[in-house]
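**Student:** Please see the structure below; I have some questions.
2 protein chains.
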Amino acid sequence: MSAPASKSPATLHDVAREAGVSLATASRSLNGSARKVNEAYRQRVVEAAQRLGYTTNLFAQAVAKGSTTTVALLVADIADPYFSSIAAGVIDAASEEGLVVTIAVTGRNAQRELDTVRALRGQRPRVLILAGSRTTGSAFEEHLRAELSSFEDTGGKVAFISQDAAPFATVLLDNRGGAHDLAVSLAGLGYRDFAVIAGPSEIRTSEERLDGFTAGLAEHGISLPPERVVHADFTRDGGYRGTQELLASGAHMDLVFAANDVMAVGVVSALRDAGIAPGEGIGVAGYDDIPTVRDITPALTTVRIPLEDVGRRALQLATGSAYDGGADSGAGPTPITTETIIRGSTPRR
Amino acid sequence: MSAPASKSPATLHDVAREAGVSLATASRSLNGSARKVNEAYRQRVVEAAQRLGYTTNLFAQAVAKGSTTTVALLVADIADPYFSSIAAGVIDAASEEGLVVTIAVTGRNAQRELDTVRALRGQRPRVLILAGSRTTGSAFEEHLRAELSSFEDTGGKVAFISQDAAPFATVLLDNRGGAHDLAVSLAGLGYRDFAVIAGPSEIRTSEERLDGFTAGLAEHGISLPPERVVHADFTRDGGYRGTQELLASGAHMDLVFAANDVMAVGVVSALRDAGIAPGEGIGVAGYDDIPTVRDITPALTTVRIPLEDVGRRALQLATGSAYDGGADSGAGPTPITTETIIRGSTPRR
DNA sequence: CTGTTAGCGCGTTCAT
DNA sequence: ATGAACGCGCTAACAG
């Protein structure tokens, strides 16, 4: 019932007229970079703009300037704490630079990821950040790289999070090293019979963690029999079901390592539901240190990743605003410090 | 070191030339609404576009058409499961309609919220969704309304989540009713000495829940003494500290209700750290039913809100694509069904 | 320092 | 059905 009269927003033209100056002057006083405009005029323009409720049309500005203030972020699942924490970092860093971030989700589907990247290019974002769990081996992989290369050729900047994806900038997470150290720590605590619940085998992050973990155990002369490694969805429910599978197989184990915290949470619940006290009967460890793992019982042993920082770094890496002292900053991968955190879920045996 | 030659992306013009047709024909074959173009031509254009790696410049398109394909979403904190779940719903529904969503965070700061809305208007979004916890009483409130009204006057659509904010469209969450029912259920379980850890008193969502809870108790002849109500940050740590405060006051209580689940998680941890078994010594209840509360120990009693649906509904409400059969759908508030979920944290006494 | 003019990439009349 | 020309809101290069 309200007036659908829908006037269009005030334009710079309107403001100029209202202030009695030229379009150029209005533009300069409102957005211009090198400000060289009479203060009196500037005042009038600003006031006129205010009076009219004018806001710069970013789209038009982008078209005219040929560059946008948009950052596109691609995640597998925004409701997953891992990604939402990273997103928080990206958004924070972006807003500091006056950039707006648009988020798209891929649902861990390679085809969809490719489509999304293509669609996103229509936005002509200044930078494109891919935080999705890189998958491996698919034909999409090379299509994606082609798409991204072409994106960079036309002035865009891309940043990956997690796996090195040369020649693109990368915030490198040392999944292998982190999992390796975790394994060493756990072995040091006295654990001997390990089992791993990994994500789908196409997910690189998961595979790297599995590799590193295996390597770490090997250093202690502990081997990880294939039947003690199960693959499941990279989600809480995946962890839950993986545990059930492990339990059903009758495997003997004193510690379960889940490839990420979200899965580990599922592991803990599954153990408990099966009548096994997590941390007492069987130790549990995860990876990421998402906020909630401090609050489950027992608190989860994990490998800490400064998720928000990772997001922030990714953006800075792409925009070139990183504090990196590196000689060639922006080109090489930026390593992130990771740390094993022992909590109640893995008491000394 | 790589070629910074940075050619600009292919334009529609390039495609037209490559295909040997006019700009208009190219436009019609690629984006046109009413398609009335010779199939042979269309083919050639599409192929040319593919060959050149052309992607429609959404900004330019927006400028030309005067309308965008952007949805702006405002949340208090994207890393908070409450908001990230809602965001997931919004993004999902948006992508179904070919809309891109940009997310901005306010950090529960009214001034910043206002600034952000203003900045976001520059994007000329089709719809603006405010999921942030509405604050009350501040002068910003009316500035915000003015800003939003003006946004709607110029063709935008705004949708609120949670509190009714007439005349704007709203996905109404019945905080009062939900908390009321929760209180009734808890009283029915035998609890008598209640305490509440609410959020900051300016946050409406928190106040409504407190109100409803108090009313529900009253129906059972139970009163909630003022000293049993503490206010704290609307975060996990807020819940933790609020609990410590409550404990320090020596208050006698058999149940703690936290105004949201994130806080309740903090409550559970604080109790445990204080040597009190949550669920045995003192019952704990929250609100929202965020994913993790199933996995903490004991599992948390709470009021379930279908968060993703809420996000989806908000978008549909704003774009008018809701399935609502309502006569005046789009104008009135859309109620969401909420439900009390009793779990291990509140055993019968 | 200011105003005029010509684009930016695209959609859309208007003729043809 | 197709193409030429104009306009969207804004910036940038050009004169004054």
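If you're matching them up, the sequences are chains A and B in order.
Going by this note's numbering, the first residue of the first sequence is number 38, and it counts up by one from there.
Going by this note's numbering, the first residue of the second sequence is number 38, and it counts up by one from there.
For each residue, glycine too, the CB sits at the ideal point set by N, CA and C.
Are the C-beta of B:P46 and some C-beta of chain A separated by less than 8 Å?
**Tutor:** Interface residue, yes.
**Student:** Give the DSSP bridge partners of A:G320, in chain order.
**Tutor:** Answer by DSSP bridge pairing, in chain order: A:L292.
**Student:** Taking 8 Å as the limit between beta carbons, can you name the residues of its chain near A:S238, skipping five residues before and five after?
**Tutor:** So the list reads E244 and H268, once near-sequence residues are dropped.
**Student:** So with CB distances below 9 Å, who are the chain A contacts of B:V321?
**Tutor:** In chain order: nothing, as chain A lies at least about 12 Å away.
**Student:** Taking the straight line between their C-alpha atoms, what separation do you get for B:V82 and A:S66?
**Tutor:** The alpha-carbon atoms of B:V82 and A:S66 are separated by roughly 42 Å.
**Student:** Would B:T92 pass as a contact of A:T329 if the rule is Cβ separation under 8 Å?
**Tutor:** Result no, Cβ atoms of B:T92 and A:T329 do not sit closer than 8 Å.
**Student:** Does the segment 336-345 of chain B come within contact of the segment 335-343 of chain A, defined as at least 3 CB pairs closer than 8 Å?
**Tutor:** Too few Cβ pairs lie closer than 8 Å, so no.
**Student:** Between the alpha carbons of B:T62 and B:V74, how many angstroms are there, rounded?
**Tutor:** Spanning the two alpha carbons is a distance of roughly 7 Å.
**Student:** Taking contact to mean at least 3 C-beta pairs separated by less than 8 Å, is the segment 92-110 of chain A in contact with the segment 133-153 of chain A?
**Tutor:** Touching, yes, given that three or more Cβ pairs across the two stretches are closer than 8 Å.
**Student:** Taking just the CA atoms, how far does B:F177 sit from B:T48?
**Tutor:** About 43 Å.
**Student:** Please list, in chain order, all residues of the same chain as A:I333 whose beta carbon is under 8 Å from its beta carbon, the five residues on each side excluded.
**Tutor:** These residues qualify, in order along the chain: V302 and V305.
**Student:** May I ask you to list, following chain order, the residues of the segment 149-168 of chain A that have a beta carbon less than 7 Å from some beta carbon of chain B?
**Tutor:** The residues in question are R155, R158, G159, Q160 and R161.
**Student:** May I ask you to report which of helix, strand or coil DSSP gives A:S286?
**Tutor:** Reduced to three states, the DSSP call for A:S286 is coil.
**Student:** List in chain order: all unbroken beta strand (DSSP E) runs of 3+ residues lying wholly within the segment 67-122 of chain B.
**Tutor:** Listed in chain order, the complete beta strand (DSSP E) runs (minimum 3 residues) inside the segment 67-122 of chain B are 107-112.
**Student:** Is the beta carbon of B:F250 sitting closer than 8 Å to the one on B:A203?
**Tutor:** Their beta carbons are not under 8 Å apart, which means B:F250 does not touch B:A203 by this criterion.
**Student:** Taking 8 Å as the cut-off, does the segment 205-218 of chain B touch the segment 113-126 of chain A (at least 3 CB pairs, one atom from each stretch)?
**Tutor:** They do not touch, by the three-pair rule.
**Student:** What did DSSP end up calling B:D274 once you bin it into helix, strand or coil?
**Tutor:** Looking at B:D274 - three-state DSSP - the assignment turns out to be helix.
**Student:** Just the chain A side, please: which residues come within less than 8 Å of B:I378 by C-beta, in chain order?
**Tutor:** Result: empty, since nearest Cβ-Cβ is about 16 Å, beyond 8 Å.
**Student:** If we count the other Cβ atoms within 10 Å of its Cβ and call it buried at 16 or more, is B:N68 buried or exposed?
**Tutor:** Result: exposed.
**Student:** Which same chain residues, not among the five before or five after A:T280, have their C-beta less than 8 Å away from its C-beta?
**Tutor:** Excluding positions up to five away in sequence, the list reads I234, V293, G303, V304, A307, L308 and A311.
**Student:** So which of A:A224, A:T242 and A:G287 has the shortest CA-CA distance to A:S260?
**Tutor:** Selected option, being the one with the closest Cα: A:A224.
**Student:** Taking all protein chains shown into account, decide if B:A125 is buried (16 or more other Cβ within 10 angstroms of its Cβ) or exposed.
**Tutor:** B:A125 comes out buried.
**Student:** To test your reading of the DSSP string, which unbroken beta strand (DSSP E) runs of 3 or more residues are found completely within the segment 136-160 of chain B?
**Tutor:** Listed in chain order, they are 137-142.
**Student:** What residues match up with B:K44 in a beta bridge as DSSP calls it?
**Tutor:** B:K44 pairs with nothing; no bridge assigned.
**Student:** Quick one: is B:L60 buried, meaning 16 or more other Cβ sit within 10 Å of its Cβ, or exposed?
**Tutor:** With fewer than 16 Cβ atoms within 10 Å of its Cβ, B:L60 is classed as exposed.
**Student:** Would you say B:P384 reaches chain A, if we count a Cβ-Cβ gap shorter than 8 Å as a contact?
**Tutor:** It does not; no Cβ of chain A falls within 8 Å.
**Student:** Would B:R145 and B:F271 be called neighbours here (beta carbons separated by less than 8 Å)?
**Tutor:** The answer is yes: Cβ separation under 8 Å.
**Student:** Buried or exposed: A:K102, going by 16 or more other Cβ atoms within 10 Å of its Cβ?
**Tutor:** Flag for A:K102 reads exposed.
**Student:** Which residues mark the beginning and the end of the alpha helix (DSSP H) in which A:A355 is found?
**Tutor:** Taken as a continuous stretch (DSSP letters only), the alpha helix (DSSP H) holding A:A355 covers L344 to T356.
**Student:** Determine the chain A residues that contact B:T191 at a beta-carbon separation under 9 Å, and present them in chain order.
**Tutor:** Within 9 Å Cβ-Cβ: S43, K44, S45, P46, A47 and G90.
**Student:** Beta-carbon separation of B:D326 and B:I373 under 8 Å?
**Tutor:** No, the pair does not count as a contact, with Cβ atoms beyond the cut-off.
**Student:** Quick one: does B:I259 have its CB under 8 Å from some CB of chain A?
**Tutor:** False, the Cβ-Cβ gap to chain A never drops below 8 Å.
**Student:** If you draw a straight line from the alpha carbon of B:A351 to that of A:R265, how long is it in whole angstroms?
**Tutor:** Answer to the nearest angstrom: the Cα atoms are 45 Å apart.
**Student:** List the residues of chain A whose Cβ lies closer than 8 Å to the Cβ of B:V302, in chain order.
**Tutor:** What B:V302 touches in chain A: T329 and D332.
**Student:** How many Å lie between B:G214 and B:S121 at the Cα?
**Tutor:** Their backbone Cα atoms lie some 24 Å apart in a straight line.
**Student:** Measuring alpha carbon to alpha carbon, tell me which residue in B:E133, B:A53 and B:A232 is nearest B:D291.
**Tutor:** Closest by alpha carbon: B:A232.
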